[in-house]
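Working notes for the structure below.
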Amino acid sequence: MRAEKFKIRRSVRRQFAMIFIGLMAGTIFLCWTINIFFLEPYYIRSKTKVIFQAYNSIHQAADNDTYHTDEFRLELDEVCGIYNITVYVINVNSGVIYASRNGGEELERRLLAYLFGYISATGKVLEEGEGYMIQLVRVGEDEYLEMHGRLESGISFIMRTPVESIRESVKVANRFLAYIGITATLAGGVIIWFVAGKITKPILELNSISEKMVHLDFEAKYAGGAHNEIDLLGENINKLSASLEESISELKTANNELQKDIEKKEQMDEMRKEFLANVSHELKTPIALIQGYAEGLSEGVSDDPESRNFYCDVIMDEAAKMNSMVQKLLTLNQLEFGNDIVAMERFDLTALVKNYIQSASILTKQNEIQVCMEEYPSFYVWGDEYKTEEVFMNYFSNAVNHCGGEKKIVVTLTAEEGKVRVGVFNTGKPVPEEALPHLWEKFYKVDKARTREYGGSGVGLSIVKAIMESMNREYGVRNYTNGVLFWFELESA
Numbered sequence: 497m498r499a500e501k502f503k504i505r506r507s508v509r510r511q512f513a514m515i516f517i518g519l520m521a522g523t524i525f526l527c528w529t530i531n532i533f534f535l536e537p538y539y540i541r542s543k544t545k546v547i548f549q550a551y552n553s554i555h556q557a558a559d560n561d562t563y564h565t566d567e568f569r570l571e572l573d574e575v576c577g578i579y580n581i582t583v584y585v586i587n588v589n590s591g592v593i594y595a596s597r598n599g600g601e602e603l604e605r606r607l608l609a610y611l612f613g614y615i616s617a618t619g620k621v622l623e624e625g626e627g628y629m630i631q632l633v634r635v636g637e638d639e640y641l642e643m644h645g646r647l648e649s650g651i652s653f654i655m656r657t658p659v660e661s662i663r664e665s666v667k668v669a670n671r672f673l674a675y676i677g678i679t680a681t682l683a684g685g686v687i688i689w690f691v692a693g694k695i696t697k698p699i700l701e702l703n704s705i706s707e708k709m710v711h712l713d714f715e716a717k718y719a720g721g722a723h724n725e726i727d728l729l730g731e732n733i734n735k736l737s738a739s740l741e742e743s744i745s746e747l748k749t750a751n752n753e754l755q756k757d758i759e760k761k762e763q764m765d766e767m768r769k770e771f772l773a774n775v776s777h778e779l780k781t782p783i784a785l786i787q788g789y790a791e792g793l794s795e796g797v798s799d800d801p802e803s804r805n806f807y808c809d810v811i812m813d814e815a816a817k818m819n820s821m822v823q824k825l826l827t828l829n830q831l832e833f834g835n836d837i838v839a840m841e842r843f844d845l846t847a848l849v850k851n852y853i854q855s856a857s858i859l860t861k862q863n864e865i866q867v868c869m870e871e872y873p874s875f876y877v878w879g880d881e882y883k884t885e886e887v888f889m890n891y892f893s894n895a896v897n898h899c900g901g902e903k904k905i906v907v908t909l910t911a912e913e914g915k916v917r918v919g920v921f922n923t924g925k926p927v928p929e930e931a932l933p934h935l936w937e938k939f940y941k942v943d944k945a946r947t948r949e950y951g952g953s954g955v956g957l958s959i960v961k962a963i964m965e966s967m968n969r970e971y972g973v974r975n976y977t978n979g980v981l982f983w984f985e986l987e988s989a
């Protein structure tokens, strides 16, 4: 609809034609006007400069008392020969100092007439200074630019040059036109440069937009206002840009969704394979034990009540371990797939830690472990209180199971910038460095024999990882020479 309303009001071709025609006509008219009003004054001024060159030579020779030298005569001969000037110079006693070869002596009578006042200014006076006068005079049919005067040293002079010399006129006119031509060319070039820049600016803008479109950048839009063919092209490019952007956006959306589906399918396949392999491996031992002891009971391997009770205890213990592992796997599955809602609330982290340590005191006493924790003030934090307790429980139970050496567990709470860090340190052997990055993987066990001994499933730290990531908070582990420190952080409230 917008394209139908768009109309070309000014053609680019017509614009260029009018600009160049106007520029040419203006240049010609300007040159014609300058020739009429300024060529003659420029011509006379040029002649005046030539006469002044001879005057300066005479004046300088008079000041330096060198007008009797050959250098002075050669200099004036050169000026007179080049510029067609006739010169006549006499001293205070009317003795001839210099007379140019092209009729200098013919000016003697005219100079004396000026000196004795027989004649004064006989033509148009152009310039009059101290000791000299320049005027346009006519002698017969010829017109001359004449200069006469008397210097302070008593030297008198007269010089003139014809102003209608064809040779001089052509030279001066050509020089004048050369200056004007260069000036007009430069001025025209500057005008054309700016005018062409104004016309080509939208073309360059369209070129820039098209380059961005090549790189799938459709943000830039053409916004011209000249109402010519370029604006029509810009309007169509804007439509093309919008259409391409919409099409590519749809394609990218579809491709992104497809990529997500593929990645999700591959991830689910990998997780399923990994899960089946790990669960099969973890359940193989307890199932074998349960099956073996159950078969022993069934076949009456021992009629001793104490042996039967032992068999039953083993079966129940292994079944409990299997149940615990399944519960942890279900919890981990809910966390990893985002099915478990994280309830962010404000709670006292210090009280939570103290309460759990107190509830686990029986476990630590059974293992002859000393738990150390300073008296901390109440640290209020934001997080899921139930899940935070589960993280601390996993850290603490892990510390109990791996505590060695001095048999000591140290719990610390540290308030930092906008956060509180909880650390659980247990004495014993450090974790091998190559195993540190894998601690948070499901079913990963550093010491499989020891893990089996206390009934670990290798899922606890994976649950910690999933919980902390669901709350977008930091966690980690650090080795020391005498033990291992596990830590996590929560936002201060």
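Residues 497 to 989 (this note's numbering) are what the sequence shown spells out, left to right. Positions of the beta carbon are idealized from the N, C-alpha and C atoms, including for glycine.
Cβ-Cβ distances below 8 Å link I837 to nothing in the same chain once the five nearest sequence neighbours on each side are left out. Residue environment: A557 is assigned as buried (16 or more neighbouring CB atoms within 10 Å of its CB, all protein chains considered).
Minimum Cα-Cα distance from T884 among the listed residues L535, A931 and I959 corresponds to I959. Here L859 is exposed. Its C-beta has fewer than 16 other C-beta atoms within 10 Å. Here M629 is not near V583, since their CB atoms are 7 Å or more apart. With a beta-carbon spacing of about 6 Å, D844 and Y876 fall inside the 8 Å limit used to define contacts. Between N580 and T657, the C-beta gap is smaller than 7 Å, which places the two residues in contact.
Residue pairing of G972 in beta bridges, as defined by DSSP: W983. For a cut-off of 8 Å, the C-beta gap from I905 to I963 is around 21 Å, too long to register as a contact.
In the three-state reduction of the DSSP assignment, A595 falls in the strand class. With contacts defined as CB atoms closer than 7 Å, E985 and R974 fail to qualify as a contacting pair.
A residue is called buried once 16 or more other Cβ atoms fall within 10 Å of its Cβ, and M840, having fewer, is exposed.
Pairing N863 with A895 gives a Cβ-Cβ distance that is not under 7 Å. Of the candidates N598, V633 and E742, V633 places its Cα closest to the Cα of I615. Nearest Cα to N978 within the set G900, V920, G919 and Y971: G900.
When Cβ pairs closer than 8 Å are counted between the two stretches, the segment 567-575 is seen to touch the segment 591-611, the count reaching three or more. When rounded, the separation of the alpha-carbon atoms in N587 and T523 is 53 Å.
Cβ-Cβ distances below 8 Å link G914 to E987 and S988 in the same chain, with the five nearest sequence neighbours on each side left out; the list follows chain order.
Counted as a single uninterrupted DSSP element, the stretch harbouring V927 is not any alpha helix (DSSP H), since DSSP gives it neither H nor E. Here DSSP, grouped into helix, strand and coil, assigns H898 to helix.
Within the same chain, Cβ atoms closer than 8 Å to the Cβ of Q549 are found at V575 and Y579, the five residues on either side in sequence being excluded. Taking 7 Å as the cut-off, the beta carbon of Y852 is found no closer than this to the beta carbon of F982. Here V710 carries a helix assignment [DSSP, helix/strand/coil].
Taking the Cα positions, F534 is about 18 Å away from K620. Straight across, the Cα-Cα distance linking K717 with D757 is about 35 Å. Beta-bridge annotation (DSSP): Y882 is not paired with any residue.
R605 and D638 have their C-alpha atoms roughly 18 Å apart. Distance from I786 to A750 at the Cβ level is roughly 51 Å; contact not present, criterion being Cβ atoms closer than 8 Å.
Here T910 is not near Y872, since their CB atoms are 7 Å or more apart. Under DSSP, the beta-bridge partners assigned to I654 are Y584 and H644. Linking S893 to I744 through their CA atoms gives a straight-line distance of about 54 Å. For the pair of segments examined, the segment 800-812 was found not to touch the segment 925-934: the number of CB pairs separated by less than 8 Å stays below three. Taking V918 as reference, the option from M967, V849, P928 and Q854 with the minimal CA-CA separation is V849. Contact check for L647 against G627 passes: the beta carbons are separated by less than 7 Å. S590 and G599 have their alpha carbons spaced roughly 18 Å apart.
At the C-beta level, S652 and L611 come within 7 Å of one another.
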